[in-house]
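Peer 1: At position 355 of the sequence shown the residue is numbered 355 (the numbering used here), and the sequence of numbers has no breaks. Note that CB positions come from ideal geometry on N, CA and C, so glycine has one too. Before I ask anything, here is the structure I am working with.
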Amino acid sequence: MQAPSMAPSTSALEARWHFGAFILWESQRRLERLGGGDTAADGANAAQVVRIGPRSFDLLLYLVRRAGEFIAKDELLNTVWAGVVVEEASVRVHVSMLRKALGEPDGEDGFKEWISNLPQRGYRFNGRVQRETVAGEEAPATRARVATWTYTTPPVLLTALIGRDEDTETVLASLAEHRLVTLVGAGGIGKTSVAIRASECRQQRDGVPVAFVDLAPLISQDHVLSTMARALGAAPDLPDLLSAITQALAGRDMLLLVDNCEHVVDTLAAPITQLLGALPGLRILATSREALRVPGERVLRMSPLAVPPEESLTLAEALQAPAVQLLVCRARAAGAGPFHDVQGPSLARVARQLDGIPLAIELVAARLGVQSVGDLVLRLDDHIRLFSTGSRAALPRHRTLAAALDWSIALLSEAELTMFRRLSVFRGRFDVESALGVAIGTDPEQAFETLISLAGKSLVFFDSQDAIAPYRLLDTTRSYAAALLAQSDERPALLHRHATLMIEVMKTAAADLQGLSVQEWDERHAWRLNDVRSALEHCLVQETDAKSAHALVIASAHLWFHLSLVAEYQHWVMAALRLVDDQLEPDVETATSLYTVLITALLHTGGSVAQLNEACDRALAGALAIGSAALELRARWGRCTHDMFRGEYTAALRHSQALEHMALAWSDPSAQILSHRVCAMAHHFGGRFDLSRQHSESGQSAALKIGRTSANLVGPDSLVAVRALFCRTLWIVGDTSGAIEMATAAVERAQAIGHSVSVCSALYGGCAVALWSEDLPLARRWIQLMTEEARRRGLTGWLRYAEWFSQGLRLAEAAPGPDRETCVREVQREYASYDPPRREMLTTFCLDWMDDGLIARLEAGEGHWCAPEIWRAAGWREEQAGREAAAEGLYQRAKQLALEQGAAGWERRAAASLAALWSRQGRSTTEQPPSRGASGPDRRST
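This is the structure in C-alpha cells:
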C-alpha cells in the first residue's frame, strides 16, 4: 500500500465519523485516534494515525455507516469485496485485524468489543457513531504532514509470526545502534516476515515512517534505482536517480526496508552507501541471502526455528518448540483436526526432518489437512532420504527446502503441476484472469479450481487484503517453478502467451484511462510493470518474438508515461525500432506507430532536435505511405508541437493547417479537439491572437462536452492543454483578470485529475501569466509546484520551462540596484546558449534580455507572438545609448504593432515606455498609459 499523496481541495466538503476516541475520515480513507499523538502547540493532544489496510478500511467504513445493525457475511463479501474472488474467511480475518487495531472500548457504553458477530446473523459495529461534514481545511495537521510525500509501505502480515520474538528484538536493538542492518539467511528462512514485524514495532514505538522496496520482481540490475525511487516517492526517470531519492528523503527520519537484495547486491551496495552518507536520519533494514558488504553494515544471520529433541515427547512438550508450533498452527488453518498426545513424537519428527525452515514447514503443513501425521512422517522421511542421497553437494538447509518443494510437487496432480510451473511467468502479483490466461487448453472452471487448490497447499500465496491481484508465488517458490518450466517443452509457448496477455491487459488499461482517475488507474494497472518488462525482455532483447514485442511496446505506452518511466520506455521503443529496421522487408505500419510514440517520449524527456526531426519525419512519411489517418494525426501533432517548442512557428503553422483540414473531414471529436489545440498554439505564436482565441474557445467547448479523450492520453488532459494556451492569449489581448481565472481553472483541474503532465502543462501557461501580471506570490507558488512536479515525475522536458520562469521570478523579486544588476548579468552570460523560445520568453520579463538575433528572427517571419516586446526592448537599448529619437521610433513601432495584433497587454507596456521617455525629456503629453501597464513591467526593465 502507499501513504496518501495529495490532500483534497480546501474548498471540498468531506464526511468524518466519530466513535469513542476515533475519527474516520471518509474521503481521505484515514483512521485517527485522538490523544494518541504528541502534544500540540495549543496544549491539546494531536491525533495519531491508526494503520489499517485498504480492505480493512472499506470493511470498517461499511460497518460504521450501519452501526447497530447485524450485516450478513455474504453481504459484506458482495459489497466490500465486490467483483473479487476471495475466501469466506476474509471477513473473519479482517474483523480480527480491526479489533486489534481499535483495541478494547472504554466500557462506558456497556459493550466489550467494537465489532461483534453472531452466528447466522453476521457482524455488527457496537459503538455510538456521530457523522459530521467538515470543510477540507479543517482536516488535522496529520494530513498535511503526509500530503507531500507518497511512498510504499510494507505489506501487512496476515498470520501470526511464530517463534521469532527474540529475532525481532535483536533486529530492533541492532537498528538502535547501527544505521544499516542486513538479515541474511537461506530462502524460506523467514527473513521478510521478521523484517516486516521489526519495522512495525519500530514504527509503533518511535513513530518513524517505514518505506518498503521489494527487489524480488526485478529481472535486471538496471532497474534497481528506478524501483527504489518509485517506492520512495522520488522521480523514477531523472538522469540522476540517486539525487532524486536523496532529495525526496532529505530532512526525514525514516526506516527503509529493502527486501530480497541477493540478486542485485552488486548494484545496490554503492547507492546504499551514498544514501546513508547523505541522509543522517535514514536507517536501512535489508533482507538478503548474502551480506551487502557495505561499511558500517550489521549482519544478522537468521537461524531456522528451534526443533524438539530426539526423545519421545508429549504433544505439550513438542509444542514448546517454535517449529512444531508453526507446523500445528498452519495445519489447523489447512483444515487439520485436533492433535493428541500420541501424535507429539510424529509432529516433532516432521519439524526435525524439515530442519525448522518456516517455508518448508508451511508447505508440508498444508498436507495435514488431507492426510494423517503418521502417513506424512513416513512419506516425507522416504522422500528426503532419497533427495539427500542425490544432492550431497548442496547445503543441508538448501537440500531440505528443495526437498520440501520437490516433495510437495510430487504430490500434485498433473493439472496442478502444469498450472504451478506456468504461473512462474508472472514476476509478482497476478489476478484470477491472468492465471486463467496462461492456462492454455484448460477449461476455465477447472483452471480456477486448480489455482485454489495450489493456494490451499501453500504453493500459491493468497493475500486477502489485495482486491486487485491477490495471488503470487513466493520468490523461492517462483524460482523453483521457473526451473520446472525451463525443463518442459512448453516454455516458448508460455512466454509468447504471457506477452500476448500483457498486450491484452495494456489495451484494457488504455481504455480505462478515460473513466478512471490517475490514482484509481495506478491501483488497477501499475503493478503490471515488472511483467511488462519481463515480456519485453524475453521477446525483444532475446529476439524470440519481435511481433509481440512491437505490439506490447505500443500498447503499454500509457503505463510507462503514467509511472513517469519515460526514459526507460524510450529505450524499449528504440530497441523495437532497431528490430524493425533490421528486417529484410520492414513493417512500415509498425515502424510508424513506434515513431509516433517515440515523438511523445522525446518531447517529455527533452530529446535532441536531430532525434525529434528524424522521428517526426519518419512518422509522417510512414503515415502518408500507408494511408492511416489516425497515425497521420498523431504525427502532425508531434511535428507541430516540436516545431513550436523549438521556435519554428511558420513550419508549425503549415502542419497545423494540414491537421485542421484532416479534422474537418473527420467526425472524431477527439481529433477535432486536438486540431483546435494545435491551431490555437500555431496562431498564438504567429501573433494572430484573434484566430488563436477562436480555436481555444472551440477547443474548450468541445473538450467540456466529451471529457477526457483517447487522442493523446499520454500527454496532458485536453481541456487543461487548451486552457494553458488560452490564458496566455487572454493576457496578451488585455484581459488580465480573465487570464488569471483561466490559468487557475487549468491548474485546479490538472491537480484534481492528479496527472503530472497535465499539471506541468497548465503551469506552462499559468506561470507566464502570473509573472506578466506581477502577481508574485502566485507566480512563486506555481513555479515551485511546476519545478517539484517535473522533478518528482522525471519530466525533464517540462523542467526547462520551470527554469525559464524561475529566472523571471528572481528578477522580479530582486531589490533595485546591485541585486537586480547581478541577476541581469547572470542571465546575460548564458544568453547566447539559449534557444529562441527561451530568449523570447525572457525578453517579456526583462528588456535587457534581448539581442539582435531576435530582431533577425522577426525579419525572417518568426517570433511574432512577442514582436512588440522585442521592438520595445530594442527601443530601450537605444534609449540607454542616448539615442532617444531612435528609441521613440521603436517604442512607437511596438505600440502600433501591438494595436494591429489586438495585443492590448503588449500595447500597455509600449505606451508606458513611451510615456516614461517623454517624461524624462520633460515633454508633456495627453496620452497617459493605463496605470497597470506603467507600474511593473517598465520598472523591471529600467
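Pro239: which of Arg872, Thr796, Arg825 and Leu268 sits nearest, CA to CA?
Peer 2: When only C-alpha atoms are compared, the closest one is Thr796.
Peer 1: Is there contact here, the stretch 555 to 563 with the stretch 513 to 531, by at least three beta-carbon pairs under 8 Å?
Peer 2: Touching, yes, given that three or more Cβ pairs across the two stretches are closer than 8 Å.
Peer 1: Between the Cα of Tyr891 and those of Val573, Arg909, Gln901 and Ala903, spot the shortest distance and give me the residue it belongs to.
Peer 2: Checking every option, the nearest Cα to that of Tyr891 belongs to Arg909.
Peer 1: Determine the direct distance from the alpha carbon of Arg839 to that of Val824, and round the result to whole angstroms.
Peer 2: Looking at the two C-alpha atoms, the distance is approximately 13 Å.
Peer 1: Which class does Ser548 belong to by DSSP, given the choice of helix, strand or coil?
Peer 2: Looking at Ser548 - three-state DSSP - the assignment turns out to be helix.
Peer 1: Compare the C-alpha of Arg121 against each of Trp666, Ala724, Asp74 and Asp167 and name the closest.
Peer 2: Nearest of Trp666, Ala724, Asp74 and Asp167 to Arg121, Cα basis: Asp74.
Peer 1: Go to Val181, then tell me how far its beta strand (DSSP E) extends in each direction, as first and last residue.
Peer 2: Residues Leu180 to Val184.
Peer 1: Pull up the distance between the alpha-carbon of Glu32 and that of Arg66, whole angstroms please.
Peer 2: Each residue's alpha carbon lies about 20 Å from the other.
Peer 1: Grab the span of the beta strand (DSSP E) containing Met302 for me, first residue to last.
Peer 2: Careful: Met302 lies outside any beta strand (DSSP E) and carries neither H nor E.
Peer 1: With DSSP as the reference, label Thr596 as helix, strand or coil.
Peer 2: It is helical.
Peer 1: Phe19: buried (16+ other C-beta within 10 angstroms of its C-beta) or exposed?
Peer 2: Buried: at least 16 other Cβ atoms inside 10 Å.
Peer 1: Is the beta carbon of Leu552 closer than 8 Å to that of Ile599?
Peer 2: Not in contact: Ile599 and Leu552 (Cβ atoms no closer than 8 Å).
Peer 1: Please classify Leu999 as buried or exposed, where buried requires at least 16 neighbouring CB atoms within 10 angstroms.
Peer 2: One cannot answer for residue 999 here, as it falls past the ends of the chain, which runs 1 to 942.
Peer 1: Rounded to a whole number of angstroms, what is the C-alpha to C-alpha distance between Arg923 and Arg883?
Peer 2: Roughly 16 Å between the two C-alpha positions.
Peer 1: Could you check whether the Cβ of Arg857 sits closer than 7 Å to any heavy atom belonging to the ligand NAD?
Peer 2: With respect to the ligand NAD, the structure offers nothing, as it holds no ligand at all.
Peer 1: Give me the residue from Phe845, Pro836 and Trp865 with the minimum Cα distance to Asp852.
Peer 2: Among Phe845, Pro836 and Trp865, the Cα nearest to that of Asp852 is on Pro836.
Peer 1: Look at the alpha carbon of Met786 and the alpha carbon of Val208, and state the distance between them as a whole number of angstroms.
Peer 2: Answer to the nearest angstrom: the Cα atoms are 29 Å apart.
Peer 1: Does any C-beta atom of chain D lie closer than 8 Å to the C-beta of Arg352?
Peer 2: This model lacks chain D altogether, as it is built from one protein chain only.
Peer 1: Which residues in the same chain have their Cβ closer than 7 Å to the Cβ of Glu416, if we skip the five residues on either side of it in sequence?
Peer 2: So the qualifying residues of the chain are Thr450, Ser453 and Leu454.
Peer 1: Buried or exposed: which applies to Ala176, given that a residue is buried once 16 or more other Cβ atoms fall within 10 Å of its Cβ?
Peer 2: Classification for Ala176: exposed.
Peer 1: Given that a residue counts as buried once 16 or more other Cβ atoms are within 10 Å of its Cβ, and exposed if not, what is Glu862?
Peer 2: With 16 or more Cβ atoms within 10 Å of its Cβ, Glu862 is classed as buried.
Peer 1: Looking at the strands, I want to know which residues DSSP matches up with Leu897.
Peer 2: BP columns for Leu897 are empty, so no partner.
Peer 1: Excluding the 5 residues preceding and the 5 following Leu763 in the sequence, name in chain order all residues of the same chain whose CB lies nearer than 7 Å to its CB.
Peer 2: Val747, Trp782, Leu785 and Met786, listed in sequence order.
Peer 1: CA-CA distance, Ser517 and Arg92?
Peer 2: Those two C-alpha atoms are separated by around 31 Å.
Peer 1: Count the other C-beta atoms from every protein chain shown that fall within 10 angstroms of the C-beta of Thr949, then say buried if there are 16 or more, exposed otherwise.
Peer 2: In this structure the chain extends from 1 to 942, so residue 949 is not present and cannot be described.
Peer 1: His340: buried (16+ other C-beta within 10 angstroms of its C-beta) or exposed?
Peer 2: Answer is exposed; the Cβ neighbour count stays below 16.
Peer 1: Please work out which residues of its chain come closer than 7 Å, Cβ to Cβ, to Arg472, disregarding the five sequence neighbours upstream and downstream, and give them in chain order.
Peer 2: Contacts found: Gly428, Arg429, Phe430 and Phe461.
Peer 1: Round the Cβ separation of Leu300 and Thr170 to the nearest angstrom and send it over; I've been treating them as touching at under 8 Å.
Peer 2: Correct: roughly 6 Å between the Cβ atoms.
Peer 1: Excluding the 5 residues flanking Ala702 on each side, which residues of the same chain have their C-beta closer than 8 Å to its C-beta?
Peer 2: So the list reads Pro669, Gln672, Ile673 and His676, once near-sequence residues are dropped.
Peer 1: Out of His263, Glu523 and Gln203, point me to the one whose CA is closest to His223's CA.
Peer 2: Taking only the C-alpha atoms, the option nearest His223 is His263.
Peer 1: What does the alpha-carbon distance come out to for the pair Arg30 and Ala101?
Peer 2: Roughly 13 Å separates the two Cα atoms.
Peer 1: Under the rule that 16 or more other beta-carbon atoms within 10 Å means buried, what is Thr159, buried or exposed?
Peer 2: Under this definition Thr159 is an exposed residue.
Peer 1: Locate the alpha helix (DSSP H) running through Arg497, then write down its first and last residues.
Peer 2: Counting along the chain, the alpha helix (DSSP H) containing Arg497 begins and ends at Arg491 to Asp512.
Peer 1: For Trp25, which beta-bridge partners are listed by DSSP?
Peer 2: Trp25 pairs with Arg16 and Arg30.
Peer 1: By the DSSP assignment, the beta strand (DSSP E) with Phe125 in it spans what residues?
Peer 2: Per DSSP, Phe125 belongs to the beta strand (DSSP E) from Gly122 to Phe125.
Peer 1: Once DSSP output is grouped into helix, strand and coil, what is the label at Val370?
Peer 2: Val370: coil per DSSP, three-state reduction.
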